[in-house]
Amino acid sequence: VSYVDSWYGAHLGVRPKYRRHGYGSYLMRVSQAHAAKLGITKLQASVDMDARVGRGRLLGYYESHGARMVQTGFGSAGAVEPSIIRIERHFTWDIARQELAQS
């Protein structure tokens with residue numbers, strides 16, 4: 088999804104039996120290259136703060152791909168406790184192209 092200054096990864100994932108084969112990395116790199124072609128050089132996504140799912144496994148995964156946490160503690164209106172972390176990654180067209188070629 089294209090926002091004003093970033094490409095937002097919404098509900099992108101790999102089915103469990105296909106994980107650990109590089110498909111997730113490839114999806115991220117294709118998304119990044121597509122965004123770069125549109126002149127967008129920042130990817131963003133949201134990660135659940137639950138340590139079993141988001142903050143533990145997914146946050147570490149995104150960080151291993153160069154993303155960093157930029158916002159914590161937000162969520163749906165009326166939520167009892169804010170439960171979402173926002174992450175982002177900045178890149179250039181050259182980086183996007185190189186990483187896609189390496190996939």
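Using my numbering, the first residue of the sequence shown is number 88, and each one after it goes up by one.
Glycine residues also receive a C-beta, built at the ideal position from the N, C-alpha and C atoms.
In this text, all values refer to a predicted model and were calculated from it rather than measured experimentally.
- prompt: Can you tell which of Gln189, Leu187, Phe178 and Ser190 has its C-alpha closest to the C-alpha of aspartate 92?
  reply: Counting from one through the sequence shown, the residue named residue 92 turns up at place 5. Ranking the options by Cα distance to aspartate 92, first place goes to Phe178.
message: What residue range does the alpha helix (DSSP H) around arginine 116 cover?
response: Position 29 of the sequence shown, counted from the start, is the residue given in the question as residue 116. Residues 110-124.
task: Look up alanine 132 in the DSSP assignment and give the residues it is bridged to.
output: To locate residue 132, count along the sequence shown from 1; it is residue 45. Gly96 and Ile174, per the DSSP bridge assignment.
Whole-Å CB distance - serine 190 paired with serine 112, under 8 Å assumed: For the purposes of this step, residue 190 is identified with residue 103 of the sequence shown, where counting begins at 1. For the purposes of this step, residue 112 is identified with residue 25 of the sequence shown, where counting begins at 1. That belief holds up - the Cβ atoms of serine 190 and serine 112 are roughly 6 Å apart, short of 8 Å.
Whether isoleucine 171 touches methionine 156 by CB criterion (8 Å): In the sequence shown, the residue the question calls residue 171 occupies position 84. In the sequence shown, the residue the question calls residue 156 occupies position 69. No.
query: In this structure, what does DSSP give as the bridge partners for threonine 159?
result: Walking along the sequence shown from the start, residue 159 turns up at place 72. Paired residue(s): Ile172.
Exposed unless 16 or more other CB atoms sit within 10 angstroms - verdict on glycine 109: Along the sequence shown, one-based indexing puts residue 109 at 22. Label assigned to glycine 109: exposed.
message: Quick check: arginine 176 and glycine 153, are their CB atoms within less than 8 Å of each other?
response: The count along the sequence shown starts at 1 and reaches residue 176 at position 89. The count along the sequence shown starts at 1 and reaches residue 153 at position 66. In this structure, glycine 153 lies closer than 8 Å to arginine 176 by Cβ.
message: In whole angstroms, give me the CA-to-CA distance for tyrosine 149 and leucine 125.
response: Sequence index remark: in the sequence shown, residue 149 carries index 62 (1-based). Sequence index remark: in the sequence shown, residue 125 carries index 38 (1-based). Their backbone Cα atoms lie some 22 Å apart in a straight line.
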